[in-house]
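Here is the structure we will look at, set down as structure tokens.
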Amino acid sequence: MGSSGSKQLALLSSTPMPKSLLAGLAFIAGIFVSGLVLSHQGHEVFLLWIHEDGLVEWLTFGELLIMSAFSFVMSHAFRRSGQGRAASRVWLLLGFLCLFGAIEEISWGQRVFGIESPKWFRKHNAQGETNLHNLVFYGVKINKLVFGTILGVLVVIYLSLFPVLYRLSGRFKGFIDRWGIPIAQNYQIAIAVIVFILVQLHLDFSKKVRELLELYTCFLFLLVLAHPYNQEAFPLRWLQFRRRKASRGEQAGRQ
Numbered sequence: 004m005g006s007s008g009s010k011q012l013a014l015l016s017s018t019p020m021p022k023s024l025l026a027g028l029a030f031i032a033g034i035f036v037s038g039l040v041l042s043h044q045g046h047e048v049f050l051l052w053i054h055e056d057g058l059v060e061w062l063t064f065g066e067l068l069i070m071s072a073f074s075f076v077m078s079h080a081f082r083r084s085g086q087g088r089a090a091s092r093v094w095l096l097l098g099f100l101c102l103f104g105a106i107e108e109i110s111w112g113q114r115v116f117g118i119e120s121p122k123w124f125r126k127h128n129a130q131g132e133t134n135l136h137n138l139v140f141y142g143v144k145i146n147k148l149v150f151g152t153i154l155g156v157l158v159v160i161y162l163s164l165f166p167v168l169y170r171l172s173g174r175f176k177g178f179i180d181r182w183g184i185p186i187a188q189n190y191q192i193a194i195a196v197i198v199f200i201l202v203q204l205h206l207d208f209s210k211k212v213r214e215l216l217e218l219y220t221c222f223l224f225l226l227v228l229a230h231p232y233n234q235e236a237f238p239l240r241w242l243q244f245r246r247r248k249a250s251r252g253e254q255a256g257r258q
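Position 159, counted from 1, in the sequence shown is what the working numbering calls 162; the numbers after and before it change by one each time, with no gaps.
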């Protein structure tokens, strides 16, 4: 397990990325780079481009909605396959969390339907909107504490520690596969690091650049869900098909 796991640590991807995901990655990368370029043109120009209910916000909403739908499908697939109730519940919970995140992103549709925020939200919400992530209590911003610091630490642990332990520890691998937890591929981790560094370098131009980090982070996790390193542990046929196809290609290359 040791030598095999060590070799796997160097693999950028366990199987080739599906063309649909590759096209999505190229599209989101184009939006991301365009935003960074515009941030150099002036604060007002960038704010005009990344305004509320703009392209970036709706793309983030769409990514979260797709992640939610995919998670519900995966939960159903686990339940039908009989591979374990635990994995089905994990994906069901993930589906609801992504759905919650999507609705929060558009403030529960209040601007879409022209609904005025209740008095309580106008008082405790930093933007006067009907959502939870912009709430402020005793000077503490929920968005910064929960969705910034705490979630950030969890993401770093998930992207740095989990992939290593999965490859090197048979016991950890068994636990992860039993609970149906997707493991990030090396190329996904590399992209996450590059995107984070680029955003940090552009914060002096505008703090709203963080919206681009949110957009790209959501898409990267969509990549992890749809193209995980441990895809053979999941019951969806198209994931297993890609795994078998890649294995046949490797065997043909050795002959």
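Idealized CB from N, CA, C, for every residue including glycine.
{"Query": "Which stretch, first to last residue, makes up the alpha helix (DSSP H) that contains Phe178?", "Result": "173 to 181"}
{"Query": "Kindly indicate which three-state DSSP category Asn146 falls into: helix, strand or coil?", "Result": "helix"}
{"Query": "Under the three-state reduction of DSSP, which class applies to Asn128: helix, strand or coil?", "Result": "strand"}
{"Query": "Locate the alpha helix (DSSP H) running through Asn189, then write down its first and last residues.", "Result": "189 to 204"}
{"Query": "Please return the same chain residues whose Cβ sits closer than 6 Å to the Cβ of Pro231, not counting the five positions on each side in sequence.", "Result": "Pro185, Ile186"}
{"Query": "So who's on the other strand from Leu138, going by DSSP bridges?", "Result": "Asn128"}
{"Query": "Sort Met77, Pro238, Leu206 by Cα distance to Leu41 and report the nearest one.", "Result": "Leu206"}
{"Query": "The alpha helix (DSSP H) spanning Val216 covers which residue range?", "Result": "First, the amino acid is wrong: residue 216 is Leu here, not Val. Element bounds for Leu216: 213 to 229."}
{"Query": "Over what stretch of residues does the alpha helix (DSSP H) that includes Leu102 continue unbroken?", "Result": "88 to 108"}
{"Query": "Near Glu214, which residues of its chain fall below 6 Å by C-beta distance, leaving aside the five closest residues on each side in sequence?", "Result": "Ile53, Val59"}
{"Query": "Between Ser78 and Cys101, which are expected to be in contact by the criterion C-beta below 8 Å, what is the C-beta distance as a whole number of angstroms?", "Result": "Incorrect: roughly 12 Å between the Cβ atoms, too far for contact."}
{"Query": "Would you kindly work out how many angstroms separate the C-alpha atoms of Ala193 and Ser172, rounded to a whole number?", "Result": "22 Å"}
{"Query": "If we ignore side chains and look at the alpha-carbon of each, how far apart do Leu15 and Thr63 end up?", "Result": "26 Å"}
{"Query": "Helix, strand or coil for Ile31, going by three-state DSSP, please let me know.", "Result": "helix"}
{"Query": "Going by beta carbon distance, what residues of the same chain come within less than 7 Å of Val227, once the five residues before and after it are set aside?", "Result": "Pro185, Ala187, Gln191"}
{"Query": "Between the alpha carbons of Ala26 and Leu157, how many angstroms are there, rounded?", "Result": "28 Å"}
{"Query": "Just mark Thr133 as buried or exposed, buried being the case when its beta carbon has 16 or more other beta carbons within 10 Å.", "Result": "buried"}
{"Query": "Under a three-way DSSP split, which group does His54 fall into?", "Result": "coil"}
{"Query": "Buried or exposed: which applies to Phe222, given that a residue is buried once 16 or more other Cβ atoms fall within 10 Å of its Cβ?", "Result": "buried"}
{"Query": "From Gly177 to Ile160, what does the alpha carbon distance come to, in whole angstroms?", "Result": "19 Å"}
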